[in-house]
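Position 120, counted from 1, in the sequence shown is what this note's numbering calls 120; the numbers after and before it change by one each time, with no gaps. A virtual CB, placed ideally from N, CA and C, is assigned to each residue, including glycine. These notes are about the structure you will find just below.
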Amino acid sequence: MTKKCLGCGSVMQYDNPELEGYVDKKDYNSSLICKRCFRMKYYGEYYAVKKKNDEFIDIIKSINNTNDLVLYVVDLFTLSDSIEIIHKYLSNDILLVITKRDVMPKSINNKKLINYIETLNKNYNIMDTVIVSAMNNEGLDELYRKIKQYQVSKKVYVVGSTNAGKSTLVNKLVKNYSTATSNITASLMPSTTLNQINVVLDDDLTLIDTPGIVDETSIINYIDFKDLKKITPKKEIKPITYQLNSKKAIELDKYARLNYISGPKNSFTIYMSPSLKVSQVNITTHEEKYKDLIKHRFDINGREDIVINGLGYIKITNPGTIDILAPKGVSVIKRDAMV
Numbered sequence: 001m002t003k004k005c006l007g008c009g010s011v012m013q014y015d016n017p018e019l020e021g022y023v024d025k026k027d028y029n030s031s032l033i034c035k036r037c038f039r040m041k042y043y044g045e046y047y048a049v050k051k052k053n054d055e056f057i058d059i060i061k062s063i064n065n066t067n068d069l070v071l072y073v074v075d076l077f078t079l080s081d082s083i084e085i086i087h088k089y090l091s092n093d094i095l096l097v098i099t100k101r102d103v104m105p106k107s108i109n110n111k112k113l114i115n116y117i118e119t120l121n122k123n124y125n126i127m128d129t130v131i132v133s134a135m136n137n138e139g140l141d142e143l144y145r146k147i148k149q150y151q152v153s154k155k156v157y158v159v160g161s162t163n164a165g166k167s168t169l170v171n172k173l174v175k176n177y178s179t180a181t182s183n184i185t186a187s188l189m190p191s192t193t194l195n196q197i198n199v200v201l202d203d204d205l206t207l208i209d210t211p212g213i214v215d216e217t218s219i220i221n222y223i224d225f226k227d228l229k230k231i232t233p234k235k236e237i238k239p240i241t242y243q244l245n246s247k248k249a250i251e252l253d254k255y256a257r258l259n260y261i262s263g264p265k266n267s268f269t270i271y272m273s274p275s276l277k278v279s280q281v282n283i284t285t286h287e288e289k290y291k292d293l294i295k296h297r298f299d300i301n302g303r304e305d306i307v308i309n310g311l312g313y314i315k316i317t318n319p320g321t322i323d324i325l326a327p328k329g330v331s332v333i334k335r336d337a338m339v
């Protein structure tokens, strides 16, 4: 009989330690989770398993054959555009769940955030939007009520990018609203959930956690576990504002850099992990340190954000021209200011 890991959803096996779902043969009958999930859960060790979006797309297509409600989980800190992939293959009703409210400044009004996010996603079949923090238990009662309100069957699917917090959210919903125990593995590292996992909340509701969409343009794919812990905010971000004249620069630790090429004296507000070492320098300082990064030039119109995918964003108040230096493959975009 096929046995699945309760942590990542992989079919458990003892033949090949290099493949997902591996467990020592002597532990096969008694183990609830695979060796990878065990090491991750109890020792903080991470073993990468490369997943392709083709596999995720196949899952989305199968969900599209149902009328079931879909929870689309998005990290408020990064606001991935993975919904474009989902929308291409999925016509189900969507309840948009914005996670990690706890890392954004409390001074930002939730209603303002929801209006901003719904404007970004106005062309998609979104029924409603909820902002939550699984860490602080914020918004979960509202989310649970809305799941009950919009569900059309017992099954509700949970989809989103890797590291959006899907598994953490499901675990907290189980803890709050079910007598069952969830063993889903939650980690900072991408692709923790490898296959679909069914989690029964009650007789009328089963959440189906799915593997995350791999955002190949996120910086998390280009750094190791130590660096990932550093760039991932664990508590409320305290924005830092720098007043820069042209020909000045802001170093974002070793990961990226902003060069202010031309324009009047300007305000640059950094929304990134407080663990990063951020400093203001002359534009010619430490050029060699960032020589391997790729340059992205932007003409700023005023009150716009520059988003470095996976690292955070910078709000720029006035018009001007800037260069962003970021690792090759990492997306850097301009958008209307969130706040």
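Asked: Buried or exposed by the 16-neighbour rule on C-beta atoms within 10 Å, applied to Leu-90; Found: buried
Asked: Which listed residue (Lys-175, Gln-196, Asn-195) has its alpha carbon closest to that of Asp-202; Found: Lys-175
Asked: C-alpha distance - Val-214 paired with Lys-4, whole-angstrom precision; Found: 22 angstroms
Asked: Counted within 10 angstroms of its Cβ, other Cβ atoms place Gly-165 as buried (16 or more) or exposed; Found: buried
Asked: Candidates Gly-212, Met-104, Ile-131: closest to Lys-111 by CA position; Found: Ile-131
Asked: Anticipated Cβ contact below 8 angstroms, Ile-63 with Val-70, distance rounded; Found: 7 angstroms
Asked: Lys-148 beta carbon less than 9 angstroms from that of Thr-66; Found: no
Asked: Buried or exposed by the 16-neighbour rule on C-beta atoms within 10 Å, applied to Ile-306; Found: buried
Asked: Endpoints, beta strand (DSSP E) assigned at Leu-311; Found: First-last for Leu-311: undefined, no H or E at that position.
Asked: Under the three-state DSSP convention, the category Asn-115 falls into; Found: helix
Asked: Neighbourhood of Ile-333 by C-beta, 8 angstroms cutoff - its chain only, sequence neighbours within 5 removed; Found: Ile-306, Val-307, Asn-309
Asked: Presumed contact (8 angstroms Cβ cut-off) between Tyr-222 and Val-330, rounded CB distance; Found: 7 angstroms
Asked: Simplified DSSP state of Met-272, which is helix, strand or coil; Found: strand
Asked: Residue(s) in a DSSP beta bridge with Ile-290; Found: Residue identity check: residue 290 is Tyr in the sequence provided, not Ile. None; Tyr-290 has no bridge partner.
Asked: Three-state secondary structure (DSSP) of Arg-303; Found: coil
Asked: Short Cβ contact (9 angstroms threshold) for Leu-76 with Leu-120; Found: no
Asked: Within 9 angstroms, strictly: CB atoms of Ile-240 and Thr-269; Found: yes
Asked: Endpoints, beta strand (DSSP E) assigned at Leu-69; Found: 69 to 75
Asked: Beta-bridge partners of Val-199, as assigned by DSSP; Found: Leu-207
Asked: Residue(s) in a DSSP beta bridge with Tyr-22; Found: Gln-13
Asked: Exposed unless 16 or more other CB atoms sit within 10 angstroms - verdict on Thr-78; Found: buried
Asked: Inter-residue spacing [alpha-carbon to alpha-carbon] between Cys-34 and Tyr-42; Found: 12 angstroms
Asked: Among Asn-195, Ile-294, Asn-163, Lys-277, the one whose alpha carbon lies nearest that of Met-12; Found: Asn-195
Asked: Those residues which DSSP pairs with Thr-241 across a bridge; Found: Thr-269
Asked: Buried or exposed by the 16-neighbour rule on C-beta atoms within 10 Å, applied to Pro-264; Found: exposed
Asked: Host alpha helix (DSSP H) of Ser-62 (start-end); Found: 53 to 64
Asked: Exposure label - Asp-209; buried when at least 16 CB within 10 Å; Found: buried
Asked: 9 angstroms Cβ cutoff met for Ile-231 and Ile-322; Found: no
Asked: Test: Tyr-124 CB closer than 9 angstroms to a CB of chain B; Found: Structure shown: chain B not included; a single protein chain is present.
Asked: Backbone CA spacing between Glu-84 and Arg-145 [nearest angstrom]; Found: 27 angstroms
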